[in-house]
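See structure below.
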Amino acid sequence: MVKVLVLPGSARRDSFNKKLAAVAAKLLTEAGAEVDLVDPADIRMPLFDQDLEDAEGLPAPAKVLKEKFLANDAILFVSPEYNSSITPLMKNMIDWVSRSESDDEPSLAAYRGKVAGLLSASPGALGGLRGLVHLRSILGNIGVTVTPKQFSLTGASSKFTDDGSLKDSGDVKSVKAVVEALVETATKLKG
Ligand code: FNR
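For the sequence shown, the numbering used here gives the first residue as 7, with consecutive numbering after it.
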């Protein structure tokens, strides 16, 4: 069974990306994955600063997230788009997790052999698609295999029911295609 970490790029209470992440987490479970759905509001970490990397290693919240990356086979990133790119929260999480904690640790250890899937949601007409272009590029550059399939939920402010489900079956189908591709690729890489 593949293990998938689901990581929203917004800590906002009513975040559309957190809602989309919850929908995807359910579909991942149905696709046979073991899922760890993170709420960034629960693991608030400081803004990255090399001076904070003291002798004891990473700050506790960064350590928690890095451990989660190490423990999972795949990561489903669900990120809003801020000014045509990913959120500072998402970049901050990616940067902290990229750091080594000792000289023996290979660089980018938490990203080695990992597979990523990409989702975004925005009230706008592009659904955060431009942010995913940057996210794909960043992850590719640090050695992550990013599945070609991705989905951006447009007009997100009117797309969820009160209980957090997606209203449109076409949108559900699109999210399902992304999570199934992620599980398939992660399963193959796991051997
Ligand atoms: C935005 N938003 C936004 N939306 C978009 O589609 N393209 C963009 O470039 C931007 N830029 C942007 C910048 C900043 C600083 C903020 C705060 C917002 C709107 C954004 O998609 C909207 O606030 C979403 O609701 C954010 O995602 P969550 O928090 O709902 O998951």
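No residue lacks a Cβ here, since even glycine has one placed at the ideal position from N, Cα and C.
Residues passing the C-beta test against ligand 1 heavy atoms, cut-off 5 Å: Ser-16, Arg-18, Ser-21, Phe-22, Asn-23, Pro-86, Glu-87, Tyr-88, Asn-89, Ser-90, Ser-128 and Gly-130
Presumed contact (8 Å Cβ cut-off) between Glu-59 and Arg-105, rounded CB distance: 6 Å
Every unbroken beta strand (DSSP E) inside the stretch 139-179 [3 residues or more]: 151-159
Test item: CB-CB of Ala-122 and Phe-83 under 7 Å: yes
DSSP three-state assignment for Leu-195, whether helix, strand or coil: helix
Nearest residue (CA-CA) to Phe-75, options Leu-125, Gly-197, Ser-85 and Leu-43: Leu-43
Proximity of Val-29 and Leu-172 at Cβ, strictly below 7 Å: yes
Glu-186 at chain D interface by Cβ criterion, 7 Å: Among the chains of the structure shown, chain D does not appear; only one protein chain is present.
Check whether Ile-81 and Leu-13 have beta carbons under 7 Å apart: yes
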